[in-house]
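Working notes for the structure below.
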Amino acid sequence: MKILITGASSGLGAELARRYASQENELFLLARREDRLQKLKYELLSKTKQITLIPADVTQFQSLQEKIDALGVLDMVILNAGVSLGHSDDIASIEAFKYLYDVNVLANHAILEILLPKFCSQQSSKIVFISSLSSLFTMPSAKVYASSKRALNAYAEGIRYKYAKKGVKVITVLPGFIQSELTDKNDFSMPFLLSTEAGVDRIYRAIEKEKRFYPFPLRFYLIIQFLNLLPQFLRDIIVHSKKK
Ligand SMILES: NC(=O)c1ccc[n+]([C@@H]2O[C@H](COP(=O)([O-])OP(=O)(O)OC[C@H]3O[C@@H](n4cnc5c(N)ncnc54)[C@H](OP(=O)(O)O)[C@@H]3O)[C@@H](O)[C@H]2O)c1
219 MKILITGASS GLGAELARRY ASQENELFLL ARREDRLQKL KYELLSKTKQ
269 ITLIPADVTQ FQSLQEKIDA LGVLDMVILN AGVSLGHSDD IASIEAFKYL
319 YDVNVLANHA ILEILLPKFC SQQSSKIVFI SSLSSLFTMP SAKVYASSKR
369 ALNAYAEGIR YKYAKKGVKV ITVLPGFIQS ELTDKNDFSM PFLLSTEAGV
419 DRIYRAIEKE KRFYPFPLRF YLIIQFLNLL PQFLRDIIVH SKKK
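Everything in the sequence shown is counted per our numbering, starting at 219 for the first residue and increasing by one.
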């Protein structure tokens, strides 16, 4: 399989590259930090059929699209690159807000604008969206991030309905807290925190089983679903009782 992974230089993306490194797979690893991609390439070279590095900033949409187009036909894309603004009660600047949306939402469409016509002419292909459990319940300290991931869920759902008959499988993964550079910034106790390896094990299994919508860990997801069933005034009380 030919697999493109965005945000492959660290965290979940790098670990997913390790999972998919095999003699059957050709990997295309995209991120800005080329040194980190090079290191990963050396680590995985002996296990993998071929690895192509794509040093790129996903917010540079035009050059991103040219690079994606040059890859030709792919079997799977894992849309994993993402940023957060950390957890803060400050009002986000419009620049930071826009940048986050560029990475977490628009860049994925920039990639799919190029890949979807190719996927439609193939017999089968997979698109994996890495969303977040935070998209299902918005904490005030993470409203920009949560809203971007909620937008991603809606977009992914639409892509799934639209392209199902063309053999395009869409898998939306909604992780809770997983150890990575993104969560290393958090200065609070993260419920149900998983190691990178344990988190990516679950993501890998969800992709292999072609789960359409995969929120995890289950206990965290069920708590969120329960909270969402409560009347708004009770949710307000619960949210206000939390510091973050
Ligand atoms: N960790 C969690 O608890 C958690 C939970 C739910 C969802 N997620 C989602 O999982 C995904 C991966 O996050 P992570 O936890 O693995 O964090 P991470 O270690 O910070 O990884 C983020 C990746 O995105 C890439 N990236 C960021 N901005 C980019 C840009 N402008 N252009 C190209 N690549 C860019 C980074 O590469 P460069 O900096 O080298 O460009 C890096 O490889 C994100 O979408 C995140 O929202 C994570």
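Ideal Cβ positions, reconstructed from N, Cα and C, are used throughout, including at glycine.
The region 323 to 331 and the region 268 to 286 touch, with three or more beta-carbon pairs separated by less than 8 Å.
Across the set LYS367, LEU289, ILE389, LEU354, the C-alpha of LYS367 shows the shortest separation from the C-alpha of TYR319.
In the DSSP assignment, PHE434 forms a beta bridge with PRO393. For ALA416, the distance from the CB to the nearest heavy atom of ligand 1 is not below 8 Å.
Its Cα nearest to that of PHE410, the residue GLN397 stands out among SER281, GLN397, LEU333.
Contact between LYS220 and VAL291 holds, with the beta-carbon distance rounding to 7 Å and staying under 8 Å. Taking 9 Å as the cut-off, the Cβ atoms of TYR439 and LEU400 do not count as close.
Residue environment analysis places TYR238 among the buried positions, since at least 16 neighbouring C-beta atoms fall within 10 angstroms of its C-beta. For VAL301, DSSP assigns no beta-bridge partner whatsoever.
Judged by beta-carbon spacing, GLU261 lies beyond the 9 Å limit of THR414, meaning their Cβ atoms are not closer than that value. Pairwise C-beta distances place the region 352 to 369 in contact with the region 453 to 462, as three or more of them are shorter than 8 Å. Runs of alpha helix (DSSP H) with 4 or more residues, each lying fully within the region 281 to 341, are found at 312 to 319, 325 to 338, listed in chain order. Of the residues assessed, SER352 falls on the buried side of the cut-off, its CB having 16 or more other CB atoms within 10 angstroms. At the C-beta level, ILE286 and LEU333 come within 9 Å of one another.
Here CYS338 has LYS384 as same chain residues with Cβ atoms under 6 Å from its own Cβ, once five neighbours each way along the sequence are excluded. Nearest neighbour of THR390 by Cα position, chosen from SER407, TYR432, LEU412, turns out to be TYR432.
GLU242 sits in coil when the DSSP states are folded into three classes, being neither helix nor strand. Following the DSSP letters along the chain, one finds GLN450 inside the alpha helix (DSSP H) bounded by residues 450 to 459. In the same chain as LEU289, and ignoring 5 residues on each side of it, the C-beta atoms closer than 7 Å to its own belong to LEU222, PHE246, in chain order.
If only complete runs of 4 or more residues are kept, the region 353 to 381 shows the alpha helix (DSSP H) at 361 to 381, in order along the chain.
Ligand 1 approaches LYS367 closely enough that one of its heavy atoms is under 8 Å from the residue's Cβ.
The criterion of a C-beta distance shorter than 9 Å is not satisfied by GLU284 and THR266. Here the distance from the Cβ of ALA372 to the nearest heavy atom of ligand 1 is not below 8 Å.
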